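The sequence shown begins at 41 in this note's numbering and counts up one residue at a time.
Worksheet: one structure, shown below.
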Amino acid sequence: MLESEVESESELAVESESELAVESEVESEPELAVESELAVEPEVEAEPEASPTEPSDAPLGADPEQSELPGLTPPPDLAQLPGGPRAALEAILMVVDRPVEELALASALALPVARVTELLAELVVDYDTAERGFELRRVAGGWRVYSRAEHAPVVERFVLDGQTSRLSQAALETLAIVAYRQPVSRARVSAVRGVNVDAVMRTLVTRGLVEEAGNDRETGAVLYRTTEMFLHKLGLTSLDELPALAPFLPEVDALDDFPLGMT
Numbered sequence: 041m042l043e044s045e046v047e048s049e050s051e052l053a054v055e056s057e058s059e060l061a062v063e064s065e066v067e068s069e070p071e072l073a074v075e076s077e078l079a080v081e082p083e084v085e086a087e088p089e090a091s092p093t094e095p096s097d098a099p100l101g102a103d104p105e106q107s108e109l110p111g112l113t114p115p116p117d118l119a120q121l122p123g124g125p126r127a128a129l130e131a132i133l134m135v136v137d138r139p140v141e142e143l144a145l146a147s148a149l150a151l152p153v154a155r156v157t158e159l160l161a162e163l164v165v166d167y168d169t170a171e172r173g174f175e176l177r178r179v180a181g182g183w184r185v186y187s188r189a190e191h192a193p194v195v196e197r198f199v200l201d202g203q204t205s206r207l208s209q210a211a212l213e214t215l216a217i218v219a220y221r222q223p224v225s226r227a228r229v230s231a232v233r234g235v236n237v238d239a240v241m242r243t244l245v246t247r248g249l250v251e252e253a254g255n256d257r258e259t260g261a262v263l264y265r266t267t268e269m270f271l272h273k274l275g276l277t278s279l280d281e282l283p284a285l286a287p288f289l290p291e292v293d294a295l296d297d298f299p300l301g302m303t
């Protein structure tokens with residue numbers, strides 16, 4: 041009898057343990073399923089909204105980096121110009137006063153730098169082949185048109201013709217009066233010299249040594265003064281460096297009898 045009760049209690053214990061095990065498995069399955077779903081599904085990051093594409097003002101065929109340069113207006117269609125891109129490049133080279141780099145030329149023409157380099161090389165060959173009086177040279181990292189060295193005597197004669205001749209005594213005296221009494225009218229200079237100075241004043245203006253400096257308030261006469269070239273020719277930095285007149289012109293005190301502005 042005791043053995044049967046022990047066996048029945050043992051069976052009850054086994055059944056209760058099996059029920060607990062089943063409940064444990066049932067409870068753990070949802071947690072495992074949830075963890076599995078979290079591990080399987082990757083986190084999806086929100087994609088940034090695509091910004092609308094801004095319209096570009098760059099001309100067709102232009103280099104993007106060059107088209108962003110400020111202050112440049114869109115160039116005309118080079119293909120529609122007489123001579124095309126090559127002639128447009130020549131036009132720029134004819135007006136520059138110092139060597140220009142390929143990048144600056146490419147920016148102005150809205151062409152790739154490589155294309156501008158090709159055009160420059162073509163111009164160099166053409167000028168040399170045609171024996172033109174000028175040539176295209178690369179100097180100081182840029183390009184510029186120069187007259188050929190073989191024609192230097194002709195160019196020198198043209199530039200210096202009439203500029204190396206000496207001033208006459210009358211011109212020197214007139215220039216001295218203008219330098220020390222400026223601004224001064226022609227009538228005032230004539231009164232000091234005692235002769236008409238119209239022709240001499242025109243010569244000094246042509247040489248670039250004297251220039252107009254307005255009008256006299258009372259008489260309306262044109263006043264004259266010396267120029268920067270005058271200082272350059274004499275090696276002076278300002279009129280204050282002019283030498284005193286007394287040692288050279290003992291009669292200079294006579295100028296004080298003519299107040300400024302008198303005609």
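Glycine is no exception: its CB is placed at the ideal position from the N, C-alpha and C atoms.
The structure displayed is predicted, hence computed values, not measured ones.
{"Asked": "Helix, strand or coil at residue 165 according to DSSP, with G and I counted as helix", "Found": "helix"}
{"Asked": "Which of helix, strand or coil DSSP assigns to residue 282", "Found": "coil"}
{"Asked": "Rounded straight-line distance, which links the Cα of residue 192 to that of residue 167", "Found": "17 angstroms"}
{"Asked": "Ranges of the alpha helix (DSSP H) found wholly within the segment 218-273, counting only runs of at least 4", "Found": "226-233 and 238-246"}
{"Asked": "C-beta contact flag for residue 174 and residue 185 at 8 angstroms", "Found": "yes"}
{"Asked": "Which of helix, strand or coil DSSP assigns to residue 196", "Found": "helix"}
{"Asked": "Residue(s) in a DSSP beta bridge with residue 147", "Found": "Partner(s): none; residue 147 has no beta bridge."}
{"Asked": "Length of the line joining the Cα atoms of residue 229 and residue 124", "Found": "58 angstroms"}
{"Asked": "Residue burial classification, residue 159 (beta-carbon count within 10 angstroms, cutoff 16)", "Found": "buried"}
{"Asked": "Where the alpha helix (DSSP H) through residue 124 begins and ends", "Found": "124-133"}
{"Asked": "C-alpha distance - residue 283 paired with residue 163, whole-angstrom precision", "Found": "54 angstroms"}
{"Asked": "Helix, strand or coil at residue 138 according to DSSP, with G and I counted as helix", "Found": "coil"}
{"Asked": "Cβ-Cβ separation, residue 223 to residue 180 (assumed contact under 8 angstroms), whole Å", "Found": "Incorrect: roughly 41 angstroms between the Cβ atoms, too far for contact."}
{"Asked": "Of the residues 177, 116, 258 and 208, the one placed nearest residue 140, counting alpha carbons only", "Found": "177"}
{"Asked": "Neighbour-count burial assignment, residue 214, 16 or more Cβ in a 10 Å radius", "Found": "buried"}
{"Asked": "Option in 122, 183 and 119 with minimal Cα separation from residue 137", "Found": "183"}
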